[in-house]
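Residue numbers (the working numbering): 129 to 328.
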């Protein structure tokens, strides 16, 4: 699932699952059963991997026990082992495995809610500015760790814009040519919305 050369791009290059892969996961008929552990019972968790520092930061909006995603951490360790065999630089060659920092202060979803996807997307946006050194990651105090209503509305707006431009639009990167959306004439206006409302 890792992009080609994901661990070779630069010091602390990102190990990422692309949106195209996530989009494939949503189609349950194409979901690889070995990846269920990464979902942690259909719960999103963000893993920030720093290959040269040999550290994984776990940003989990529900604070699951580490055992819930241990299988995914094992996969990351295998990938990191391959990175090292290919000559990837590490700061501490005597350390064999990635060090996992769980329970990192981050946004926490309200209990019994299913907002983890929104929380993960916001953490991706915020953490994207702090890629090179894990020590630069911002700490979010627990007393200010929940989204307010405006933040959730803005996230939903971004998702809607993405869905309209990249999934519904017949020219969008994630438009499925074999779906009902693509083939049924009743969705033609939705597929071609961008063309009809293009701004000069």
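C-beta atoms are modelled at their ideal positions from N, C-alpha and C, and glycine is treated no differently. Since the model is a prediction, treat every value here as computed from it, not as a measurement.
- Within its own chain, the residues whose Cβ lies closer than 8 Å to the Cβ of residue 250, once the five positions on either side in sequence are excluded, are 235, 275, 279, 283, listed in chain order.
- For residue 229, the secondary structure class from DSSP, reduced to helix, strand or coil, is strand.
- Residue environment analysis places residue 305 among the exposed positions, since fewer than 16 neighbouring C-beta atoms fall within 10 angstroms of its C-beta.
- Taking a 10 Å sphere around the C-beta of residue 201, we find 16 or more other C-beta atoms and assign the residue as buried.
- For the pair of segments examined, the segment 184-191 was found not to touch the segment 209-219: the number of CB pairs separated by less than 8 Å stays below three.
- In this chain, the alpha helix (DSSP H) harbouring residue 211 covers 198-213.
- With fewer than 16 other CB atoms across the displayed protein chains lying within 10 angstroms of its CB, residue 312 is exposed.
- Just so you know, the alpha carbons of residue 319 and residue 296 end up roughly 5 Å apart.
- Between the alpha carbons of residue 289 and residue 277 lies a distance of about 18 Å.
- Our two residues, residue 173 and residue 310, have alpha carbons roughly 31 Å apart in a direct line.
- In the three-state DSSP reduction, residue 247 falls in the helix class (H, G or I).
- Counting other Cβ atoms within 10 Å of its Cβ, residue 226 reaches 16 or more and is therefore classed as buried.
- Around the beta carbon of residue 175, 16 or more other beta carbons lie within 10 angstroms, which makes this residue buried.
- With a cutoff of 7 Å on beta-carbon distance, residue 180 and residue 206 are scored as not near each other.
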